[in-house]
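Below: the structure, in structure tokens.
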DNA sequence: GTCTAATGCCTAAGACTATTATGTATTAGG
DNA sequence: CCTAATACATAATAGTCTTAGGCATTAGAC
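Structure, rendered in structure tokens:
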């Protein structure tokens with residue numbers, strides 16, 4: 001597990017990117033997918049994820065559909081057109097940041 | 001300039017790494033060096049840097065010497081032995097984080 | 001059959017970090 | 001002479017996430 005402070009500011013971008021690649025997803029599914037992609041290193045906490053999803057929805061970046069699976073509820077999130085263009089920006093920004101940090105730290109990413 | 005939230009949690013590591021590579025440095029010099037290394041993208045603010053330096057000093061990670069250059073004061077910071085081992089940890093941690101993020105975002109770092 | 005872990009949603013209080021806004025002072029250059 | 005750069009520093013505030021709750025369903029182990 002990574003030092004949590006490093007994650008700050010990256011949550012939105014991670015969520016948007018995963019949604020872009022997988023289309024329609026629900027909250028719990030996102031946490032599991034990120035866990036998998038990061039090899040258990042990024043464990044999104046619910047206290048961070050759900051407020052973030054709600055915020056993105058309120059801003060028109062995501063839209064939702066609720067489904068009942070048995071008696072259990074699932075809330076699916078999808079990128080809106082506005083969301084799709086935001087993903088590109090955010091990913092580009094974080095990519096650039098990663099490259100900058102790599103330079104500063106003189107990291108060799110084999 | 002990068003979105004400031006991304007920097008959160010990386011400041012200490014950046015400072016420690018720069019100090020490791022350059023030895024004895026003062027605050028203003030650190031901001032300039034990081035600015036240069038990051039191609040103007042990381043501009044450390046004084047409100048973040050000085051408290052961070054003071055904290056690291058209080059923790060025994062850095063030690064200081066004050067010099068007078070004319071009538072102007074310079075406070076030089078150097079890594080303590082404890083600080084040197086911390087740098088390795090922190091850089092390793094941030095490097096690992098960068099790699100993880102690269103995987104999650106499927107970034108190609110040429 | 002019961003108990004636990006996993007699934008699935010959510011909010012609120014608090015911690016932590018950095019930004020923004022100041023304040024003080026010296027020095028170089030137009 | 002005045003401005004930008006150098007050089008230190010602190011305080012109030014904003015923003016993000018962690019921690020700690022709360023509620024409910026379902027699958028699997030014993």
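Protein chains in written order, with UniProt numbering: chain A, 1 to 110; chain B, 1 to 110. For glycine and all other residues, C-beta sits at the position ideal for the given N, C-alpha and C.
Contacting positions in the region 21-36 of chain B - beta carbon closer than 9 Å to chain A = Listed by position along the chain: 21, 34.
ask   = Between residue 80 of chain B and residue 62 of chain B, what straight-line distance do the alpha-carbon atoms span, to the nearest angstrom?
value = Whole-angstrom Cα-Cα distance: 5 Å.
task = Would you grab the beta carbon distance between residue 56 of chain A and residue 94 of chain B for me? Rounded to a whole angstrom, and I think it's under 8 Å.
result = 27 Å between Cβ atoms; not a contact.
message = For a test of the three-state rule: what should DSSP assign to residue 43 of chain B, helix, strand or coil?
response = Secondary structure of residue 43 of chain B (DSSP, three-state): coil.
request  = Specify, as a first and last residue, the run of the alpha helix (DSSP H) that residue 71 of chain A falls within.
outcome  = Taken as a continuous stretch (DSSP letters only), residue 71 of chain A belongs to no alpha helix (DSSP H), as it is neither H nor E.
ask   = With C-beta atoms as the reference, is residue 34 of chain A less than 9 Å away from residue 18 of chain B?
value = No, they are not a contact pair.
task = Could you work out which residues of chain B lie near residue 61 of chain A, taking near to mean beta carbons separated by less than 7 Å?
result = Per Cβ cutoff of 7 Å: no residues; residue 61 of chain A is ~16 Å from chain B at best.
query = For residue 64 of chain B, does the three-state DSSP call read helix, strand or coil?
reply = Strand at residue 64 of chain B.
request  = Kindly indicate which residue of A/28, A/10, A/8 has the alpha-carbon position closest to the one of residue 72 of chain A.
outcome  = Nearest C-alpha to residue 72 of chain A: A/28.
ask   = Using the beta-carbon count (16 or more within 10 Å), is residue 92 of chain B buried or exposed?
value = Burial call: exposed.
message = Here's the rule: buried if 16 or more other CB atoms are within 10 angstroms of the residue's CB, otherwise exposed. What is residue 69 of chain A?
response = Looking at its Cβ environment, which holds fewer than 16 other Cβ atoms inside 10 Å, residue 69 of chain A is exposed.
task = Return the first residue and the last residue of the alpha helix (DSSP H) that residue 102 of chain A is part of.
result = Following the DSSP letters along the chain, one finds residue 102 of chain A inside the alpha helix (DSSP H) bounded by residues 81-105.
task = Report the residue from A/64, A/83, A/82 whose alpha carbon sits nearest the alpha carbon of residue 74 of chain A.
result = In terms of CA proximity to residue 74 of chain A, A/64 leads the group A/64, A/83, A/82.
query = Hey, does residue 47 of chain B have any beta-carbon neighbour from chain A nearer than 9 Å?
reply = No, no contact with chain A.
query = Of the choices B/43, B/77, B/98, B/89, whose alpha-carbon is the least far from that of residue 22 of chain B?
reply = Ranked by how close their Cα comes to the Cα of residue 22 of chain B, the residues B/43, B/77, B/98, B/89 have B/77 in first place.
ask   = Among A/12, A/30, A/39, which has the Cα closest to the Cα of residue 111 of chain B?
value = Past the boundaries of the shown model lies residue 111 of chain B; chain B is included only from 1 to 110, so the question cannot be answered.
task = With 9 Å as the threshold, decide whether the Cβ of residue 102 of chain B is near any Cβ in chain A.
result = Cβ-Cβ to chain A under 9 Å: yes for residue 102 of chain B.
key: Where residue 10 of chain A falls: helix, strand or coil (DSSP)   = Residue state, collapsed to three classes: coil.
task = Taking only beta-carbon positions, decide if residue 38 of chain A is within less than 9 Å of chain B.
result = Chain B, which has a Cβ nearer than 9 Å to the Cβ of residue 38 of chain A, makes this yes.
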